[in-house]
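Heads up: the sequence shown runs through residues 8 to 187, numbered per this note's numbering.
Backbone N, C-alpha and C define an ideal beta-carbon position, used for all residues, glycine too.
Computed from a predicted structure; not experimentally measured.
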Amino acid sequence: PRKIAATRSGTTVYVADNGSRRVLAVTVSSGAVTTVAGSGTLGYAEGAGTAAHFEYLLGIALSTDETILYVANPDLYLTDRIRSIVIATGATALLASENTQQTMIFPAGMTVYSGSLYVAMSGLGTVRQFPLNNPSGHVLFAGSSRFGDRDGASPLFGRPNDLVLTADRKALYIADNNHI
């Protein structure tokens, strides 16, 4: 497993299982594990449940209404993707993609807040904001260059790997190459 996301009640944990190329749901009370999406076959294909194929699963986030999962799905070579999964059906859809390596390289940690998905771009040293009503309109949220260390509105990140929003929604913490 690479990353996890849990329901607010704590009854279900969703797992981005990079090794099996699947997104799994774990029922906490029983330990039962089910496949939400992914065939286990390396590749890219949209589909429902096991008809979907993933390359690498480097991040996962749960929508605020807990009906949709978002996953970071780069191919580790050229094309980086953010995909959504409807939990009830396992249906996947492409949310955003880029193959020019200008704004998206190695999407990893992610979180949802106020109608946007925030994604740590480990390969660029940035965090991007994807408005869920217009994901192609994503913008730079934080970071401006790689391998630096600075306070303020434009912090420099090395390789941001994960991020978490505090429960009161007032702070975003970013794990970055041995820094928080």
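Report the rounded CA-to-CA distance for Y21 versus V146, giving the unit in angstroms.
Numbered from 1 along the sequence shown, position 14 holds the residue referred to as residue 21. Numbered from 1 along the sequence shown, position 139 holds the residue referred to as residue 146. Taking the straight line from one Cα to the other gives about 27 Å.
Straight-line Cα distance separating H60 from V93
In the sequence shown, residue 93 corresponds to position 86, counting from 1. In the sequence shown, residue 60 corresponds to position 53, counting from 1. Going by the C-alpha atoms only, they are around 15 Å apart.
Between Y77 and T118, what straight-line distance do the alpha-carbon atoms span, to the nearest angstrom?
The residue you call residue 77 lines up with position 70 of the sequence shown. The residue you call residue 118 lines up with position 111 of the sequence shown. Cα to Cα, the separation comes out at about 9 Å.
Within 7 Å, strictly: CB atoms of A18 and V35
Your numbering for residue 18 matches position 11 in the sequence shown. Your numbering for residue 35 matches position 28 in the sequence shown. A quick correction: the sequence has Thr, not Ala, at residue 18. Yes, Cβ-Cβ distance for T18 and V35 is below 7 Å.
7 Å CB neighbourhood of G47 in its chain, flanking five on each side removed:
Locating residue 47 in the sequence shown gives position 40, counting from the first residue. S27, R28 and R29, listed in sequence order.
Can you check the segment 62-92 for any alpha helix (DSSP H) of at least 4 residues that lies completely inside it and give the ranges in chain order?
none
For Y125, the nearest candidate out of F137, T133 and G132 (CA to CA):
For this step, residue 125 is matched to residue 118 along the sequence shown. If we check each option's Cα against that of Y125, F137 comes out closest.
Can you tell me whether DSSP reads G144 as helix, strand or coil?
In the sequence shown, residue 144 corresponds to position 137, counting from 1. G144 falls in the helix class under three-state DSSP.
Where does A58 sit, in a helix, a strand or coil, going by DSSP?
Against the sequence shown, residue 58 aligns to sequence position 51. Looking at A58 - three-state DSSP - the assignment turns out to be helix.
Compute the beta-carbon to beta-carbon distance between N106 and R90, rounded to the nearest angstrom, for a pair I have assumed lies under 8 Å.
Against the sequence shown, residue 106 aligns to sequence position 99. Against the sequence shown, residue 90 aligns to sequence position 83. No, N106 and R90 are not in contact; Cβ-Cβ is about 15 Å, not under 8 Å.
Within the continuous beta strand (DSSP E) that includes V22, where are the two ends?
Position 15 of the sequence shown, counting from 1, holds the residue named residue 22. Residues T19 to D24.
Cβ-based burial, I180 [other Cβ within 10 Å; buried from 16]
Within the sequence shown, numbered from 1, the residue matching residue 180 stands at position 173. Ile is not the amino acid found at residue 180; the sequence shown has Tyr there. Per the 10 Å Cβ criterion, exposed.
Short check: CB of R166 to CB of S123, under 7 Å?
The residue labelled residue 166 in the question sits at position 159 within the sequence shown. The residue labelled residue 123 in the question sits at position 116 within the sequence shown. No, the pair does not count as a contact, with Cβ atoms beyond the cut-off.
With a Cβ-Cβ cutoff of 7 Å, do L65 and A115 count as a contact?
As a position in the sequence shown, residue 65 is number 58, starting the count at 1. As a position in the sequence shown, residue 115 is number 108, starting the count at 1. A contact, by the Cβ cut-off of 7 Å.
Can you grab the Cα-Cα spacing for the pair G38 / A178, in whole Å?
Residue mapping note: residue 38 aligns to position 31 of the sequence shown, counting from 1. Residue mapping note: residue 178 aligns to position 171 of the sequence shown, counting from 1. Distance between the alpha carbons of G38 and A178 is about 32 Å.
Looking at the unbroken beta strand (DSSP E) that takes in Q136, where does it start and where does it end?
Indexing the sequence shown from 1 puts residue 136 at position 129. Taken as a continuous stretch (DSSP letters only), the beta strand (DSSP E) holding Q136 covers T133 to P138.
Give me whichever residues DSSP pairs with V35 in a beta bridge.
Translated into the one-based positions of the sequence shown, residue 35 becomes position 28. DSSP lists no partner for V35.
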